[in-house]
Every structure is written in C-alpha cells, then in structure tokens.
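Enquirer: Handing you a structure now.
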Amino acid sequence: MFEQLSADARLAAAVAIERVARTTPFYAERLKGHGEPSDEASWRALPVLTRQDLFDNTYPRSTAMLSRAVERMMVISTGGSTGVARYTVLTYDEFDRFSDVQAAALALLGVGPSDRVANLFIAGSLWPSFIGVHEAIRRVGAVHLPISGNIPVESILRFCREFDPTAMLSLPTAFVFLADLAMKENMTFPSLRLVGYGGEQMSSEAEAHVRRGLGPQDVAALGYSSGDAGLMGYQCRHCAPGLYHWPTGFQYLEIVDPVNGEACPPGTSGEIIVTNLARLSMPILRYRIGDVGTFLEGPCACGDSNPRFRLDGRAGEDFKIGGAFISMKVIDSSLARFAGRVSLNAMVELEDIGGQMVFRLKVEAADLDDAAAVAPALREALCEAIPELAVGQKLGFITAVDIIPVPLGSLPRNPITGKAKRLNDLRIRQEEPK
Ligand SMILES: [Zn+2]
Numbered sequence: 055m056f057e058q059l060s061a062d063a064r065l066a067a068a069v070a071i072e073r074v075a076r077t078t079p080f081y082a083e084r085l086k087g088h089g090e091p092s093d094e095a096s097w098r099a100l101p102v103l104t105r106q107d108l109f110d111n112t113y114p115r116s117t118a119m120l121s122r123a124v125e126r127m128m129v130i131s132t133g134g135s136t137g138v139a140r141y142t143v144l145t146y147d148e149f150d151r152f153s154d155v156q157a158a159a160l161a162l163l164g165v166g167p168s169d170r171v172a173n174l175f176i177a178g179s180l181w182p183s184f185i186g187v188h189e190a191i192r193r194v195g196a197v198h199l200p201i202s203g204n205i206p207v208e209s210i211l212r213f214c215r216e217f218d219p220t221a222m223l224s225l226p227t228a229f230v231f232l233a234d235l236a237m238k239e240n241m242t243f244p245s246l247r248l249v250g251y252g253g254e255q256m257s258s259e260a261e262a263h264v265r266r267g268l269g270p271q272d273v274a275a276l277g278y279s280s281g282d283a284g285l286m287g288y289q290c291r292h293c294a295p296g297l298y299h300w301p302t303g304f305q306y307l308e309i310v311d312p313v314n315g316e317a318c319p320p321g322t323s324g325e326i327i328v329t330n331l332a333r334l335s336m337p338i339l340r341y342r343i344g345d346v347g348t349f350l351e352g353p354c355a356c357g358d359s360n361p362r363f364r365l366d367g368r369a370g371e372d373f374k375i376g377g378a379f380i381s382m383k384v385i386d387s388s389l390a391r392f393a394g395r396v397s398l399n400a401m402v403e404l405e406d407i408g409g410q411m412v413f414r415l416k417v418e419a420a421d422l423d424d425a426a427a428v429a430p431a432l433r434e435a436l437c438e439a440i441p442e443l444a445v446g447q448k449l450g451f452i453t454a455v456d457i458i459p460v461p462l463g464s465l466p467r468n469p470i471t472g473k474a475k476r477l478n479d480l481r482i483r484q485e486e487p488k
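Residue 155 in the working numbering sits at position 101 of the sequence shown; the count goes up by one each step and never skips.
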C-alpha cells in the first residue's frame, strides 16, 4: 500500500526536491557553494533547516521559500500559540498527497467502510489535524463523526454514547482526560475497537490508563507526522508502540549524529532530519524536526521493505536538576503507581527563588481530597525515582518539592494544538511551545 523505494531511488527523489528548492530566493542563498548532491555524503553536506528558518521565512511574513505564487493553496499553522506560530502553505494537490498517505496509515490500522469514526481532534486556528483526519476518514470510506475536541467534554461524551463509535481519533492528552472522566462517570463504549492518537507520543502508562478508562481493543498511533512535513512514519500490525515504518515514497528521512552530522547506523540513536517528497510549492529540505530516533536492523515480519525506526522522544523534553538530565518518562512512571487517584496529565514547574529551586508537580485529579491524601506517597516516589531531588534538598539548593492536585482539565493546554504543557521551566527563557 505504501510505495517502497530503493536507496538510490530515495536519494534521487530527494535531489529532485533540492533542484526545485534552488529556484526559491531562500534556498538559492542557503545552498550557495553547494553543488547538486551525487551521493548520500554530499547530500548530508547540505545545510539543515531549523524551526527558526521556517518562522522567519514563511508566508505571510515572507514568500522567500515559495517556488510559486500563493494561489490554490491552503495555509496551515504548525505549532505554537498566537505570536510564535509558524505558518506554511501547500497547494490543494499537495494536501491531497498528505491526506493519501495518512489514509493509507489509517487503513493499515484496519479502519474501513464499516467503521464509525469519532474525529476528536482540535479544529480551527489554521490547525490542519481536524480537516486532515476528515480527508483520511473519507478516503477509507468510514462513517465520519466530526465531533471535534473543541466542544465541552460532556458534549463529546454524549455524542460518543449516542453514536457508539468503533474508533476514536485524537491527541493523547484528550484521551487521558476522556478516560479520567469515563471512569468517574462509569461510562462505557461497547463498540469501541480502536483509540488512534496523533500529535504527541503516548507513554505506556497513558496507554494502560486509556485502555482501562475507555476499553478499546486496540490503541495505536495514527502515524508519526507533523504539519510541516506530513507523515514521517506509519505502523503496521507488527510495530510495537513507538516503532514506525519509513514511508520512503513520501519522505526522505535521515537519522544523524547531532554533533558531527554523520549518518547513524541502525541501532544508534540520533536526530531525525526530513525532506518531504511531495511539497514543491514550499520545499522542506533537510528539516530538523526536533525528535530523536533509531533505525532498526533487518526486515519487518509484515513483509514491507520500508525500513523501520524507533521514535525515542523529543530532543529537549528533558529538564535539568543540578547538572543531571531528568526525563519526563520518570515522572510518568511515578504517577502511574498512583493510577486511579491522580491523572497522568501533570506538569512539572521549576522556579528559581533567590538562587534556590522550588520543584512543583501540578497533577490533575478527579477527587482533590483523595489526591491530597496520596500526595506524600507520590512525593516520596518522586524523590526515590529522581535521586537529584533528595540530594538537592539535603544540600539546600532545592527548598521544596510540592505536589499540587488540580481539577481535571485545568492544566494549561496549548490554545491551538490542545496538547497539555508538561514542563514549565521558569528558570530559563521559555522555548517556543510545540
Ligand atoms: Zn511491518
């Protein structure tokens, strides 16, 4: 179903995009002094594209990255709240190609004409996911329930009870919230077969929680994708969570050592760099997507020859305490030990007060009194899982480790994407929200 290109054909397709890119003012300047790549090594010598490049050089601020006039196109926002959002444009034909591959990924998950699919993605604000998912559902011939994630959650649950969907599609943040509420209200969804998520990764703890709360047969990623580059990975039935096939006919994907830019061999993790093979109107050439991944060795049992990779997380989703990098995964597994009493939707807040740090974990909970009762044990579990917290308190550079229960749904969500903010590091200048 997915095109499977040989290594030579993939590079040739990427070089064809590079040729178009050179016709734009932005890339003409950027690629000065670089000849047309003739092999993978000379391809890797081309400069990478950063999020800042996209922010500075895209429509409506600039047309420097465009190879054609802004006509027969749609504008989409690719993350960030108002003021820091990046916008990109693509032609309707290009959007159709994006939708075709997304639909192929949906079909691989077994979604077809007999399904009733609840589209619970966020619509509006130039965000492409809701309409993109509409296109994918339509292409597989399923019955579309365009409910959206914008309306009050009580209304979402009411529509889902009324129409009894076989599949629900949304963000992990939204599913954790829906599962919290469904358990609180003792609600069940008898025909629900698939919970399909996109936009973020879902931790194994969150998946277990969603299975408990919503009771689907399957929980699967709709794909690994971004608004800028489209689908970058799809799952077959043999793909464990976090594993994807590379759609070689749609995307040129590299995993490189972030220090020297060399290609990482299978089994070695590095930064993911993508070149979309469908976008000619605004070429996306060697884009540093901000994720870390690892190619896997050998073929997949499904018979698809497109290589597989594992997504290892966001570059930069860790935070630092006393020189040590702490992964958000540690927070997830500590919260999971108190499943049912606190939600997995939680935010770490780090604040510097007079040279000393305060660590706060704000965690959503259905019953705030019950969550407050469990807070001391959660605090202890965190200090056990993160020795730097205990050491920091002993040495006096951390003055407090506070657990703060807050009502379900009350933690900040990105106004455009609906994703929960997981880290609020008040010690440093805030990164552009994803
Ligand atoms: Zn496979």
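Yeah, the Cβ is synthetic: ideal placement off N, Cα and C, and Gly gets one too.
Just so it is clear, the structure is predicted and the values come from calculations on it, not from any experiment.
Helix, strand or coil for K416? Go by DSSP, reduced to three states.
Expert: The answer is strand: DSSP assigns K416 an E or B state.
Enquirer: Contact defined as beta carbons within less than 8 Å: I believe F56 pairs with A196. What is the distance between those atoms, to the nearest angstrom?
Expert: Wrong, their Cβ atoms sit about 19 Å apart, outside the cutoff.
Enquirer: Could you check whether the Cβ of H188 sits closer than 7 Å to any heavy atom belonging to ligand 1?
Expert: No - ligand 1 has no heavy atom lying nearer than 7 Å to the Cβ of H188.
Enquirer: Would you mind stating whether C214 and A172 have Cβ atoms separated by less than 8 Å?
Expert: Against a cut-off of 8 Å, the Cβ pair of A172 and C214 comes out as a contact.
Enquirer: Measure the C-alpha to C-alpha separation of D479 and F373 and round it to an integer number of angstroms.
Expert: Rounded to whole angstroms, D479 to F373 spans 8 Å at the Cα level.
Enquirer: Report yes if the C-beta of H198 is less than 7 Å from at least one heavy atom of ligand 1; otherwise report no.
Expert: Checking the Cβ of H198 against ligand 1 gives no.
Enquirer: Are at least three pairs of beta-carbons, each pair with one atom in the stretch 100 to 115 and one in the stretch 242 to 256, less than 8 Å apart?
Expert: Touching, no, given that fewer than three Cβ pairs across the two stretches are closer than 8 Å.
Enquirer: For F184, which option in E148, E216 and M222 has the closest C-alpha, if you only look at C-alpha atoms?
Expert: The residue with the shortest Cα to Cα distance from F184 is M222.
Enquirer: Fully enclosed by the stretch 437 to 469, which beta strand (DSSP E) runs are 3 residues long or longer?
Expert: Here the runs fully enclosed are 452 to 461.
Enquirer: So for L271, helix, strand or coil by DSSP?
Expert: Note on residue identity: the sequence assigns Gln, not Leu, to residue 271. Q271 falls in the coil class under three-state DSSP.
Enquirer: For E418 versus V460, is the C-beta distance shorter than 8 Å?
Expert: Closer than 8 Å, so yes.
Enquirer: Which of helix, strand or coil does DSSP assign to V129?
Expert: It is a strand residue.
Enquirer: Count the other C-beta atoms from every protein chain shown that fall within 10 angstroms of the C-beta of N330, then say buried if there are 16 or more, exposed otherwise.
Expert: Answer is buried; the Cβ neighbour count reaches 16.
Enquirer: Quick check: does the Cβ of D272 come within less than 7 Å of any heavy atom belonging to ligand 1?
Expert: No.
Enquirer: Following the continuous alpha helix (DSSP H) through F109, name the residue where it begins and the one where it ends.
Expert: Unbroken alpha helix (DSSP H) run through F109: R105 to N111.
Enquirer: Straight-line CA distance for A228 to A420?
Expert: C-alpha separation (whole angstroms): 15 Å.
Enquirer: Name, in chain order, the residues that DSSP records as bridge partners for M55.
Expert: DSSP, once it has assigned bridges, lists no residue as partnering M55.
Enquirer: State yes or no: is the C-beta of Y298 within less than 8 Å of the C-beta of F363?
Expert: Closer than 8 Å, so yes.
Enquirer: Going by DSSP in three states, G134 sits in which element: helix, strand or coil?
Expert: The pLDDT assigned to G134 is 49, lower than 50, so where the model puts this residue is not dependable, and the model offers no usable value.
Enquirer: Starting from E189, trace the alpha helix (DSSP H) in both directions and tell me its first and last residue.
Expert: Note, E189: alpha helix (DSSP H), S183 to V194.
Enquirer: Of all the options V346, L163, V313 and S323, which has the alpha carbon lying nearest to the alpha carbon of G277?
Expert: The shortest C-alpha separation from G277 is found at L163.
Enquirer: Work out the CA separation of A426 and A236 for me, nearest whole Å.
Expert: Taking the straight line from one Cα to the other gives about 22 Å.
Enquirer: I'd like to confirm something about C290: is its beta-carbon nearer than 7 Å to some heavy atom of ligand 1, or not?
Expert: Yes - ligand 1 has a heavy atom lying nearer than 7 Å to the Cβ of C290.
Enquirer: Rounded to a whole number of angstroms, what is the C-alpha to C-alpha distance between V124 and Y146?
Expert: The straight-line gap from Cα to Cα measures roughly 11 Å.
Enquirer: Apply the 10 Å Cβ neighbour rule to P270 and answer buried if 16 or more other Cβ atoms are within range, or exposed otherwise.
Expert: It is buried - the Cβ of P270 has at least 16 other Cβ atoms within 10 Å.
Enquirer: If I measure Cβ to Cβ from P167 and keep anything under 7 Å in the same chain, skipping five residues before and after, which residues do I get?
Expert: Closer than 7 Å at the Cβ level, and outside the excluded window around P167, lie G195 and A196.
Enquirer: Using 10 angstroms around the beta-carbon of P353, count the other beta-carbons present and answer buried if the total reaches 16, otherwise exposed.
Expert: Exposed, because fewer than 16 other Cβ atoms sit within 10 Å of the Cβ of P353.
Enquirer: Between the Cα of E239 and the Cα atoms of S388, S381 and E208, which residue gives the shortest distance?
Expert: Closest by alpha carbon: E208.
Enquirer: Which word fits T78, buried or exposed, when buried means at least 16 other C-beta atoms lie within 10 angstroms of its C-beta?
Expert: Result: buried.
Enquirer: Hey, which unbroken runs of the alpha helix (DSSP H) at 4 residues or more fall wholly within the stretch 294 to 369?
Expert: None, since the stretch 294 to 369 contains no complete alpha helix (DSSP H) of that length.
Enquirer: Which term fits G287, buried or exposed, when burial requires 16 or more other beta carbons within 10 angstroms of its beta carbon?
Expert: Buried.
Enquirer: Suppose you measure from the CA of R265 to the CA of V273; what does that come to, to the nearest Å?
Expert: Near 8 Å, if we compare the C-alpha coordinates of V273 and R265.
Enquirer: Helix, strand or coil for H263 per DSSP?
Expert: Residue state, collapsed to three classes: helix.
Enquirer: Which complete beta strand (DSSP E) runs does the stretch 198 to 230 hold, if anything under 3 residues is left out?
Expert: Qualifying beta strand (DSSP E) stretches, in chain order: 221 to 224.
Enquirer: Using a Cβ-based criterion (distance less than 7 Å to any ligand heavy atom), does D358 qualify as near ligand 1?
Expert: Checking the Cβ of D358 against ligand 1 gives yes.
Enquirer: So, helix, strand or coil for A177, using DSSP?
Expert: Looking at A177 - three-state DSSP - the assignment turns out to be coil, as it is neither helix nor strand.
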